[in-house]
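Asks:
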């Protein structure tokens with residue numbers, strides 16, 4: 541026994557099969573791209589290196605900010621101590637300069 545299809549039914553089946561084939565091809569393409577990405581170790585390492593560099597820069601910026609903030613607090617809090625120490629150093633240098641000059645002339 542043979543089946544007879546009407547031309548309209550055959551066209552519908554053909555269109556459906558073509559759409560199924562196209563969907564399968566697209567899915568296969570996505571699968572191949574995913575597999576290629578998983579096997580691209582060089583690309584993965586490059587991405588990880590870029591991410592690590594970015595993270596390191598961010599951490600360095602945060603650390604620099606914290607150090608600067610701590611230093612400025614310390615200077616504000618201990619500024620008088622720095623000023624006294626600088627004054628003592630200036631006084632000692634001036635005394636040394638006067639003392640050594642006076643000793644030479646004797």
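Residue numbers (our numbering): 541 to 646.
The beta-carbon is built from N, C-alpha and C at its ideal position, and this holds for glycine as well.
Can you tell me whether residue 585 is buried or exposed? The criterion is at least 16 other CB atoms within 10 Å of its CB, across all chains shown.
Replies: That one is exposed.
Asks: Which same chain residues, not among the five before or five after residue 637, have their C-beta less than 8 Å away from its C-beta?
Replies: none
Asks: Just the Cα atoms here: how many angstroms apart are residue 573 and residue 583?
Replies: 13 Å
Asks: Note down, one range per segment and in chain order, each alpha helix (DSSP H) of at least 4 residues found wholly within the region 580–646.
Replies: 581–645
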